[in-house]
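Single-structure report; data block below.
There are 2 protein chains.
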Amino acid sequence: MAGETGAQDDAAARPVLSRAQVIRTAIWLVDAEGAGALSMRRLGAEIGVEAMALYRYVDGREDLLDAMVDLVSAPVEDAAGKDVGESGGWRAYLWRLGQQIRWMATDHPHIFPLVATRHPAAPWLRPPLRNLDMVEEFLRTLLQCGFSAGQAALVYRTFTSFLLGHLMLTAAELTKATGPAGELPGASSRTLSEFPTIVQMSDLLSEPGRDAEEFDDDLEALLDRIGALVGEPTD
Amino acid sequence: MAGETGAQDDAAARPVLSRAQVIRTAIWLVDAEGAGALSMRRLGAEIGVEAMALYRYVDGREDLLDAMVDLVSAPVEDAAGKDVGESGGWRAYLWRLGQQIRWMATDHPHIFPLVATRHPAAPWLRPPLRNLDMVEEFLRTLLQCGFSAGQAALVYRTFTSFLLGHLMLTAAELTKATGPAGELPGASSRTLSEFPTIVQMSDLLSEPGRDAEEFDDDLEALLDRIGALVGEPTD
DNA sequence: ACCTGAACACCGTTCAAGT
DNA sequence: ACCTGAACACCGTTCAAGT
């Protein structure tokens, strides 16, 4: 029993906290109550500890936010780069990567704006691709599949821009207060009858739950355009 | 002299502030020092007044942020809807609108994330189109130009998603700390030689100042795709 | 009518002190 | 080694009080 990785009744206090627990709790808190609910003091209280104890595991608030983004992005890194060669080449790779990042956005709609807006550490990192490993793999995969360097860079920019545009709107949709649907902005002087075209098209604009299919359609169209770039037959 | 819009030596104190001045100063402050610099107390100090005085002109911090977004978006509304018919139809309209919103992002890169992430007042508002007037005009223009309602709704979603993706990345680029370019994230254990593909392509990924042209190219390609939707010859 | 002082309930962060 | 109390410099917001 004695001589394990740590003696259990040592005079030194074993931590009641861990960095992983702090970060997981922060993510859970923001998922549940929104970004506004996250403060060091509130987070400490949630864990059952004073706020100052967190500073042993996290290098201040900014480091905490970065770590949350990293942890939320972790499944993307894990799942994206599996066996590119046999299972469909760049097309399957980009499809899977896109889906994975979409799941991140829908699983954590309150955190996705952080993924999009926090300053990336390196100059070539374009959100929502947040670290060098992901980008290295992304570019290497495209080069392997026969894209030129210039084409790969173009695909990188196009793909990130596509994901960001789609998923910011998806996340915003998911964090809307689920209040009564037919409300007006200021509830003030202006009335809906001033906007006849919007009223007339309101059913087309609300699109309940159509978001996932639209993402799939648009991603497929994007892959078609990329395929045309390298001279791949569309069908 | 007497009997003007207001007596000049009245016992009632004339305001030293105005709502417009408060909002303009807030925008100026965020442009200059970033969103983190904006607080009611700091803003008051910048104007030369105690923070509490601001509450007479602004209904709290949230209202201030909304008003900043509105003011920054104002040039877009003014310039977008001019004489659609004679000057090129929907294509010229969407081109001008896209450019106008891009200027908003490049003029106020620290404020654009606010435009993108603040909860829109109405359910059909998709950032960066932030108010019902803009959307009403957008849809009416497309219908006038022969788009079906379904097509107009599709174009609305596609266009907003395109702008958001492009301009979030443009704004992020412009708010980067202009530090030394070849830096590593944590400056820690990992070295750039672990990312050979990125190193090899670094010149292609940095693209200095190419952003505007790429936006123009991509917007044009988007308009081509929209044109194909309504059966317009591409060239 | 318009601004201010004082107050309340919060922040992030540091650091000496406790165990 | 790990957590806490006290402290500092900030927040947003309210409200009675001054002019």
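Here the protein sequences line up with chains H and V, keeping their order.
When you line the first sequence up against this note's numbering, it's residues 1 to 235, in that order.
When you line the second sequence up against this note's numbering, it's residues 1 to 235, in that order.
Think of the CB as a built atom: it goes at the ideal place given N, C-alpha and C, for glycine as much as any other residue.
In this text the structure is predicted, and so the values were computed from the model without any measurement.
Check: Looking at the unbroken alpha helix (DSSP H) that takes in V/T160, where does it start and where does it end?
Finding: Counting along the chain, the alpha helix (DSSP H) containing V/T160 begins and ends at 149 to 174.
Next item on the list: Under 8 angstroms between beta-carbons, which chain V residues line up against H/L143? List them in chain order, please.
Entry: Those within 8 angstroms of H/L143 in chain V are T197.
Note to self: Strictly below 8 angstroms CB to CB, what residues from chain H border V/S202?
What the structure shows: W124
Notebook entry, point to check: How about the stretch 109 to 124 of chain V and the stretch 159 to 179 of chain H: do they share at least three Cβ pairs that are nearer than 8 angstroms?
Noted result: yes
Next item on the list: Starting from the C-beta of H/R14, find all residues in its chain whose C-beta is less than 6 angstroms away, skip the five residues before and the five after it, and write them out in chain order.
Entry: none
Margin query: Using beta carbons (cut-off 7 angstroms, strictly below), is H/A187 in contact with chain V?
Written below: Because the pLDDT of H/A187 is 48, which lies under 50, any placement of that residue in the model is unreliable, and the number read from its coordinates should be weighed accordingly. So, not an interface residue.
Notebook entry, point to check: Helix, strand or coil for H/R41 per DSSP?
Noted result: DSSP places H/R41 in helix when its eight states are reduced to three.
Note to self: Assuming the contact rule is C-beta atoms closer than 8 angstroms, V/W95 and V/L223 should be a hit. Round their C-beta distance to whole Å, please.
What the structure shows: Indeed, because the Cβ distance is near 7 angstroms, the residues count as touching under 8 angstroms.
Next item on the list: Count the CB pairs spanning the stretch 150 to 169 of chain V and the stretch 150 to 163 of chain H that are closer than 8 angstroms, and state whether there are at least three.
Entry: yes
Check: Using the beta-carbon of each residue, which ones in chain V are nearer than 7 angstroms to H/R140?
Finding: Within chain V, the residues near H/R140 are T197.
Next item on the list: With a 10 Å radius around its C-beta and 16 neighbouring C-beta atoms as the bar for buried, classify H/V199 as buried or exposed.
Entry: Burial state of H/V199 is exposed, judged by a 10 Å Cβ sphere holding fewer than 16 other Cβ atoms.
Next item on the list: Determine the burial state of V/V72: buried for a count of at least 16 other Cβ atoms within 10 Å of its Cβ, exposed for fewer.
Entry: buried
Note to self: Can you look up H/D307 in the DSSP assignment and give me helix, strand or coil?
What the structure shows: Summary: the structure shown does not reach residue 307 of chain H, with chain H confined to residues 1 through 235, and so no result is reported for it.
Next item on the list: Return no unless some Cβ of chain H is closer than 7 angstroms to the Cβ of V/S161.
Entry: yes
Check: From V/T25 to V/L43, what distance separates their C-alpha atoms?
Finding: When rounded, the distance between both Cα atoms is 7 angstroms.
Next item on the list: State the Cα-Cα distance for the pair V/E232 and V/F159, rounded to the nearest angstrom.
Entry: C-alpha separation (whole angstroms): 18 angstroms.
Notebook entry, point to check: So which of V/M68, V/Q99, V/R140, V/I47 has the shortest CA-CA distance to V/D216?
Noted result: V/Q99
Check: Which residues, in order along the stretch 144 to 158 of chain H, keep a beta-carbon less than 9 angstroms from a beta-carbon of chain V?
Finding: Taking a C-beta cut-off of 9 angstroms against chain V, the contacting residues of the stretch 144 to 158 of chain H are A149, G150, A152, A153, L154, Y156, R157, T158, listed in chain order.
Notebook entry, point to check: Mind checking whether V/A152 and V/L143 have CB atoms under 7 angstroms apart?
Noted result: Against a cut-off of 7 angstroms, the Cβ pair of V/L143 and V/A152 comes out as a contact.
Check: If you measure beta-carbon to beta-carbon, which residues of the stretch 105 to 130 of chain V are closer than 8 angstroms to chain H?
Finding: P113, A116, T117, H119, P120, A121, A122, P123, W124, R126, P127
Next item on the list: Along the alpha helix (DSSP H) that carries V/R24, what are the first and last residues, could you check?
Entry: 19 to 33
Check: Can you find a C-beta in chain V that's less than 7 angstroms from the C-beta of H/E220?
Finding: no
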